[in-house]
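The numbers in the sequence shown follow numbering that gives the first Met the number 0, run straight up by one, and end at 362.
We treat Cβ as the ideally placed atom computed from N, Cα and C, and that holds for glycine.
None of the values given here were measured: they were computed from a predicted structure.
Written out below as structure tokens is the structure these notes cover.
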Amino acid sequence: MRLCWDIEFPSAAMSAVAVKLADHANDEGDNVYPSVPSIERKTRLGTSTVRRTLAAFEECGLLEVVAETHGNKALRSTTVRRFNVGLLHALACVVVRDGKTVKQFRSTHVLKEIANAAGKLVWVIVERGPDDPSDYPAAEAIPAAPLPQREGQEGGTPPTVGGANGNHPSHGGRGPLPQWDPTPPTVGPKPSIEPSEEVKTPQPPASGGPKGDVDLKAGATRLIAEAERKGAPSAPIRHLLKPILDARRLKAADKAGELAALAREARDLPAPWLERAARLVLDDGTVTVKPARIREAIEQVRKGGAMVPIRRGSPQWGAWLRHFEAHEPATAKLMARFDSWQVKSEWPPSRAGAAKGDGEQAA
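Here it is, written out as structure tokens:
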């Protein structure tokens with residue numbers, strides 16, 4: 000979540016709080032749960048300043064509260080939040096890469112406090128106006144950098160024939176410089192190795208490859224069959240455990256029993272959340288995985304939720320865009336500027352008719 004470093008927040012306090020929250024978030028903006036005292040210690044800000052900043056982020060839609068849990072180690076409640084990654088991209092400066100050159104331009108939107116129809120000051124995200132200050136230049140106002148003058152260009156010393164200039168101050172009067180010889184070198188026959196002279200070094204067998212994939216999938220099929228015989232629910236098996244077992248080896252004494260227990264623990268989660276938990280486990284990059292790691296991913300997704308990515312041109316994109324146009328026009332206008340967006344479920348609530356977070360309902 001390095002996007003927060005590229006955003007010009009209205010105050011240093013907002014920037015400090017946003018960077019602290021981003022330290023806890025994953026790439027999708029989920030799993031943000033630092034407490035107010037923790038933010039105070041890291042940012043050196045007061046309690047009222049931190050609370051006002053969090054309220055401002057939630058008011059403009061940049062931050063969303065997804066869960067309130069009770070009974071942590073300190074016997075206090077924990078608030079789990081989520082960043083709106085689309086709004087972060089809109090507020091971040093535009094980065095243009097040209098080879099090794101990186102240029103940064105001012106963002107398309109800004110976060111500001113304005114008065115609403117009732118005269119109350121509220122925090123909103125709006126398009127950048129010409130009077131909005133920024134440390135970054137506008138894209139159309141970048142002057143072309145002058146090219147450095149070399150010898151032979153206008154204003155420089157003309158080179159001598161052959162490209163070397165013996166009169167240049169860096170030469171130091173050491174006599175004539177060696178000139179370039181335009182004659183191409185003589186091309187002779189290329190060295191070749193007779194077939195009888197080739198040295199063939201035996202290669203070690205590959206650790207992965209098709210055979211390893213077949214062995215993993217065969218073992219996964221056998222374990223899943225044993226877990227289903229022990230009463231494991233089908234949805235967690237299909238969306239969570241099978242993707243993990245197809246790519247990783249499970250380390251446990253009773254593998255089928257552990258799989259059945261994990262499936263029963265995750266039976267209340269919808270399919271997108273189960274797939275998100277599987278990605279969290281696979282992203283670790285380890286060869287073997289323990290049941291405790293899968294259980295940890297299940298709890299992480301249960302606390303933070305899982306956003307569903309949708310892309311322009313898909314049926315879900317059109318349904319959500321119509322939903323936002325009817326209920327959240329500002330979000331619809333911002334969504335129309337991007338090719339992808341993150342939502343809570345595949346279909347809007349008006350189309351799904353299901354509880355919050357259910358991403359398996361169709362139109």
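- Shortest Cα-Cα distance from L61 to any of S37, R105, H322, V109 involves V109.
- In this structure S233 is exposed. Its beta-carbon is surrounded by fewer than 16 other beta-carbon atoms within 10 angstroms.
- Under the DSSP definition of a beta bridge, Q103 partners with V94.
- Under the three-pair Cβ rule at 8 Å, the region 309–317 does not count as touching the region 283–295.
- Per DSSP, the beta bridge partners of V79 are A66.
- Apart from sequence neighbours up to five positions away, the residues of its chain that approach E257 with a beta-carbon distance below 8 Å are L249, A251, P290, ordered along the chain.
- Runs of the alpha helix (DSSP H) lying entirely within the region 240–318, each at least 4 residues long, are 241–246, 254–264, 270–281, 290–303 in chain order.
- For V18, the enclosing alpha helix (DSSP H) begins and ends at 11–23.
- In this structure, the straight-line span from the alpha carbon of V125 to that of A11 is close to 20 Å.
- The C-beta distance from I243 to I223 rounds to 11 Å, too long to meet the 8 Å contact threshold.
- Selection A137, A262, V121 evaluated against G128 yields A137 as nearest (Cα-Cα).
- In this structure, the beta-carbon distance from W4 to V16 does not fall below 8 Å.
- Looking at the DSSP output, K111 shares a beta bridge with V123.
- Looking at the backbone, the Cα of L239 and that of R247 are separated by about 12 Å.
- About 23 Å separates the Cβ atoms of V79 and A89, ruling out a contact at the 8 Å cut-off.
- Put simply, the backbone Cα of V31 is about 38 Å away from that of R221.
- Shown here, S47 sits in a helix according to DSSP, grouped into three states.
- By the CB criterion at 8 Å, D26 and R81 fall outside the cutoff.
- Take S14, set aside five residues on each side of it, and the residues of its chain with a beta-carbon closer than 6 Å to its own are F8, in chain order.
- Here V84 is not near V94, since their CB atoms are 8 Å or more apart.
- About 16 Å separates the Cβ atoms of A259 and G218, ruling out a contact at the 8 Å cut-off.
- Look at S34 here: in three-state DSSP terms it is coil, with no helix or strand label.
- The beta-bridge partner set that DSSP reports for S339 consists of R310.
- Excluding its 5 nearest sequence neighbours in each direction, V35 has C-beta neighbours in its own chain below 7 Å: T46, V49, R50, listed in chain order.
- Cβ contact annotation for V300 (same chain, cutoff 6 Å, sequence separation greater than five): W272, R275, A276, in chain order.
- Take the alpha-carbon of A54 and the one of E63: they are about 10 Å apart.
- The straight-line gap separating the alpha-carbon atoms of L44 and S37 is approximately 10 Å.
- Taking the CA atoms as reference points, V307 sits about 5 Å from Q341.
- Across the structure, R294 and L279 are spaced so that their CA atoms are roughly 11 Å apart.
- Our two residues, A325 and E225, have alpha carbons roughly 49 Å apart in a direct line.
- Excluding five sequence positions before and after A331, the CB atoms of its chain that fall closer than 7 Å to its own CB belong to L320, F323, E324, given in chain order.
- Short of 7 Å from the beta carbon of A255, and not among the five residues preceding or following it, lie these beta carbons of its own chain, in chain order: L222, E225, A226, K229.
- Nearest in C-alpha terms to Y135, of all of L2, V123, S106, is S106.
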